[in-house]
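Chemist: Sharing a structure here in structure tokens format.
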Ligand SMILES: [Zn+2]
């Protein structure tokens with residue numbers, strides 16, 4: 321009995337032995353991790369690397385529905401050459417994009433000290449060279465600092481490095497280090513068994529989700545001439561995978577042309593326009609080959625009156641529409657992010673003074689069409705969208721936003737109003753009527769189109785770009801246009817003109833021309 325009690329006591333004390341925490345324990349743990357990877361001497365000897373990987377980008381916020389299967393964006397090959405001593409990198413990205421249509425996405429980035437350069441091949445075979453967007457540059461620097469060969473140095477050099485209590489993940493005990501990289505809080509997790517880095521978690525601002533855990537995971541470690549490095553990496557945002565890549569070739573201290581890591585003076589002297597915001601958002605956009613350039617930059621807003629009191633709000637490649645009612649304004653679409661909405665709201669308030677924005681209609685939940693809703697909620701507008709997406713919007717409106725506080729975060733006690741639309745909802749002031757109608761389509765389930773019966777105007781996003789003929793070889797594009805025409809015909813509405821969430825304003829016949837199969841079944 322006594323023996324059992326003693327052994328139980330030993331067992332209990334072993335279980336409850338708490339590892340040390342704090343700055344000194346943090347430094348000691350970094351040394352253990354370095355030893356596991358080959359030792360500081362070996363790590364110090366790696367002055368540069370060439371890494372060739374292959375992988376895929378996926379996007380949960382381009383799925384058909386918010387909880388649906390993330391869309392496969394591309395399959396890519398990527399080569400990076402990094403010179404750690406001079407803080408230089410050349411990244412060559414070569415992808416075949418699968419969504420929104422099949423086409424190549426290729427570019428080369430050069431980071432050279434305090435400047436970045438983007439090289440883009442053109443259709444005529446020439447290459448354009450320009451100063452890189454500041455947020456793209458800043459986010460790539462983050463990526464350099466968290467490379468497997470660099471992450472221990474990044475942690476070690478942080479003044480506030482500290483070890484925190486272990487975490488348990490299933491059967492794995494995780495050692496936890498915390499520090500700040502610039503202004504970003506970082507958690508570095510090590511496998512307590514072999515002391516190798518498991519994942520790096522950055523808390524950063526996402527225009528859609530606000531404070532977001534951006535997680536880079538390392539798996540499948542092997543030996544590269546005395547240095548242990550992971551063969552597979554993946555990136556997760558709030559637990560959703562957005563990229564996975566696997567090493568094909570990795571060379572420590574490779575040979576490279578000096579000029580390949582150098583930015584010419586004529587590019588370096590170009591002004592850097594915009595803010596350096598570390599966020600995965602621009603990278604998620606550019607791997608799709610779509611626009612991210614307005615991020616962190618001054619917004620251009622252009623109001624085009626398409627009918628009395630109805631404005632197409634342009635200036636970027638994602639548009640909104642403002643509808644003036646008797647004593648309020650109805651807005652359609654809040655694309656991109658907070659800064660876009662703030663600029664659009666200001667322009668609308670100037671054009672239509674004294675009338676509050678009472679409603680915001682969101683066509684669908686995609687990353688580039690829902691990021692600006694919080695600014696409208698802060699103004700007290702009721703957010704309207706197809707009912708299946710209402711839970712998703714409610715989540716966006718309730719997310720913390722402390723890294724880059726927006727107008728809703730600053731507004732404090734505002735309780736946003738979200739209203740789901742089932743099939744049809746009419747908004748009227750007695751004179752003007754605005755109909756929100758469910759629009760079945762293959763691009764995104766739970767989509768609304770906005771119809772004005774008197775003016776015979778229809779606003780839609782992503783199914784058809786007014787002013788741009790649909791490429792018949794673009795299967796998805798044709799399917800979308802067909803769905804829009806079918807939606808119009810099935811609703812039995814009289815449409816003269818389509819106002820685009822992208823593109824321009826065009827007569828309905830332009831759509832009918834390219835989507836003849838969209839005729840309703842008789
Ligand atoms: Zn979309």
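Residue numbers (our numbering): 321 to 842.
We treat Cβ as the ideally placed atom computed from N, Cα and C, and that holds for glycine.
#1: For the candidate residues 818, 446 and 520, whose alpha-carbon lies nearest to that of residue 500?
#2: For residue 347 and residue 735, I'd like the C-alpha separation in whole angstroms.
#3: In the DSSP assignment, find the unbroken alpha helix (DSSP H) run with residue 763 in it and report its ends.
#4: Distance check for residue 560 and residue 595, CA to CA, integer angstroms please.
#5: The alpha helix (DSSP H) that contains residue 795, what's its start and end?
#6: For ligand 1, is there any heavy atom lying closer than 7 Å to the beta carbon of residue 414?
#7: Just jot down, in chain order, the residues whose CB lies closer than 6 Å to any heavy atom of ligand 1.
#8: Can you tell me where the alpha helix (DSSP H) with residue 346 in it begins and where it stops?
#9: In whole angstroms, what is the alpha-carbon distance linking residue 572 and residue 410?
#10: Around the Cβ of residue 670, are there at least 16 other Cβ atoms within 10 angstroms (buried) or fewer (exposed)?
#11: Whole beta strand (DSSP E) runs in the stretch 642–729 with 3 or more residues, listed along the chain?
#12: Is residue 777 helix, strand or coil by DSSP?
#13: Could you tell me which of 820, 397, 783 and 776 sits nearest to residue 635, measuring between CA atoms?
#14: Mind checking whether residue 461 and residue 508 have CB atoms under 8 Å apart?
#15: Looking at the secondary structure, which residues open and close the beta strand (DSSP E) in which residue 409 lies?
#16: Is the stretch 350–357 close to the stretch 730–744, with three or more CB pairs under 8 Å?
#17: In the DSSP assignment, find the beta strand (DSSP E) that holds residue 621 and state where it starts and stops.
#18: Compute the Euclidean distance between the alpha carbons of residue 446 and residue 439, then round it to the nearest angstrom.
#19: Whole beta strand (DSSP E) runs in the stretch 525–580 with 3 or more residues, listed along the chain?
#20: Residue 564 and residue 376: beta carbons closer than 8 Å?
#21: How close, in whole Å, do the beta carbons of residue 687 and residue 528 come, if the pair is a contact with beta carbons under 8 Å?
#22: With a threshold of 8 Å, are at least 3 pairs of Cβ atoms found where one atom belongs to the stretch 816–830 and the other to the stretch 772–789?
#23: Roughly how many angstroms lie between the CA atoms of residue 702 and residue 680, to the nearest whole one?
#24: From this set, 708, 583, 717 and 683, which residue's C-alpha is nearest residue 434's C-alpha?
#25: Distance, Cα to Cα, residue 558 vs residue 505?
#26: For residue 637, collect the residues of the same chain with a Cβ closer than 8 Å to its Cβ; drop the 5 residues on either side in sequence, then sort them by chain order.
#27: Out of curiosity, what's the CA-to-CA distance linking residue 716 and residue 693?
#28: Quick check: residue 593 and residue 568, are their CB atoms within less than 8 Å of each other?
#29: Using C-beta distances below 6 Å, list every residue in its chain close to residue 714, excluding the 5 sequence neighbours before and after it, in chain order.
#30: Just how far apart, CA to CA, sit residue 786 and residue 624?
#31: Taking the beta strand (DSSP E) that residue 631 belongs to, which residues open and close that run?
#32: On the three-state DSSP scale, how would you describe residue 842?
#33: When you compare the CB positions of residue 742 and residue 707, do they come within less than 8 Å of one another, or not?
#34: How would you write the range of the beta strand (DSSP E) that residue 753 sits in, first residue to last?
Modeler: Let me lay it out:
#1: As a position in the chain shown, residue 500 is number 180, starting the count at 1. Per the C-alpha coordinates, the member of 818, 446 and 520 positioned closest to residue 500 is 520.
#2: What you label residue 347 is simply residue 27 of the chain shown in a count that begins at 1. What you label residue 735 is simply residue 415 of the chain shown in a count that begins at 1. About 45 Å.
#3: Residue numbering aside, residue 763 sits at position 443 when the chain shown is read from its first letter. Per DSSP, residue 763 belongs to no alpha helix (DSSP H) and is neither H nor E.
#4: Counted from its first residue, the chain shown places residue 595 at position 275. Counted from its first residue, the chain shown places residue 560 at position 240. Computed Cα separation, rounded: 27 Å.
#5: Your numbering for residue 795 matches position 475 in the chain shown. 795–811 is the span of the alpha helix (DSSP H), which, as asked, contains residue 795.
#6: Residue numbering aside, residue 414 sits at position 94 when the chain shown is read from its first letter. Flag unset: Cβ of residue 414 not near ligand 1.
#7: 684, 686, 689, 763, 764 and 782
#8: The residue labelled residue 346 in the question sits at position 26 within the chain shown. First-last of the alpha helix (DSSP H) with residue 346: 343–357.
#9: Within the chain shown, residue 572 is the residue found at index 252, counting from 1. Within the chain shown, residue 410 is the residue found at index 90, counting from 1. The alpha-carbon atoms of residue 572 and residue 410 are separated by roughly 15 Å.
#10: Position 350 of the chain shown holds residue 670. Residue 670 comes out exposed.
#11: 649–652, 677–681 and 702–706
#12: Here residue 777 refers to the residue found at position 457 when the chain shown is read from its first residue. DSSP places residue 777 in strand when its eight states are reduced to three.
#13: Here residue 635 refers to the residue found at position 315 when the chain shown is read from its first residue. For residue 635, the nearest C-alpha among the options comes from 820.
#14: Position 141 of the chain shown, counted from the first residue, corresponds to residue 461. Position 188 of the chain shown, counted from the first residue, corresponds to residue 508. Not in contact: residue 461 and residue 508 (Cβ atoms no closer than 8 Å).
#15: Your numbering for residue 409 matches position 89 in the chain shown. It spans 408–417 - the beta strand (DSSP E) in which residue 409 sits, taken as one unbroken run.
#16: no
#17: Position 301 of the chain shown, counted from the first residue, corresponds to residue 621. Per DSSP, residue 621 belongs to no beta strand (DSSP E) and is neither H nor E.
#18: Counting from one through the chain shown, the residue named residue 446 turns up at place 126. Counting from one through the chain shown, the residue named residue 439 turns up at place 119. Cα to Cα, residue 446 sits roughly 10 Å from residue 439.
#19: 530–544, 547–557 and 560–572
#20: Taking the chain shown and counting its residues from 1, one reaches residue 564 at position 244. Taking the chain shown and counting its residues from 1, one reaches residue 376 at position 56. Residue 564 is a Cβ neighbour of residue 376, given a cutoff of 8 Å.
#21: The sequence position of residue 687 within the chain shown is 367, counting from 1. The sequence position of residue 528 within the chain shown is 208, counting from 1. Cβ-Cβ separation between residue 687 and residue 528: approximately 6 Å, consistent with a contact (criterion under 8 Å).
#22: For the pair of segments examined, the stretch 816–830 was found to touch the stretch 772–789: the number of CB pairs separated by less than 8 Å reaches three.
#23: Here the question's residue 702 lines up with position 382 in the chain shown. Here the question's residue 680 lines up with position 360 in the chain shown. About 6 Å.
#24: The residue given as residue 434 occupies position 114 in the chain shown. Minimum Cα distance to residue 434 is reached at 583.
#25: The residue you call residue 558 lines up with position 238 of the chain shown. The residue you call residue 505 lines up with position 185 of the chain shown. Rounded to the nearest whole angstrom, the C-alpha separation of residue 558 and residue 505 is 15 Å.
#26: Counted from its first residue, the chain shown places residue 637 at position 317. Answer for residue 637: 611 and 822, listed in chain order.
#27: Counting from one through the chain shown, the residue named residue 716 turns up at place 396. Counting from one through the chain shown, the residue named residue 693 turns up at place 373. The alpha-carbon atoms of residue 716 and residue 693 are separated by roughly 8 Å.
#28: Counted from its first residue, the chain shown places residue 593 at position 273. Counted from its first residue, the chain shown places residue 568 at position 248. Cβ distance not < 8 Å, so residue 593 and residue 568 don't count as in contact.
#29: Taking the first residue of the chain shown as position 1, residue 714 is located at position 394. Excluding residues within five positions, the ones whose Cβ falls inside 6 Å are 738.
#30: Translated into the one-based positions of the chain shown, residue 786 becomes position 466. Translated into the one-based positions of the chain shown, residue 624 becomes position 304. One C-alpha to the other measures close to 15 Å.
#31: Here the question's residue 631 lines up with position 311 in the chain shown. Counting along the chain, the beta strand (DSSP E) containing residue 631 begins and ends at 630–634.
#32: The sequence position of residue 842 within the chain shown is 522, counting from 1. Since pLDDT at residue 842 reaches only 35, below the 50 mark, its modelled position is unreliable, and the value read off the structure follows with that caveat. DSSP places residue 842 in coil when its eight states are reduced to three.
#33: Along the chain shown, read from residue 1 onward, the residue named residue 742 stands at position 422. Along the chain shown, read from residue 1 onward, the residue named residue 707 stands at position 387. For residue 742 and residue 707, yes; Cβs fall inside 8 Å.
#34: The count along the chain shown starts at 1 and reaches residue 753 at position 433. Counting along the chain, the beta strand (DSSP E) containing residue 753 begins and ends at 753–758.
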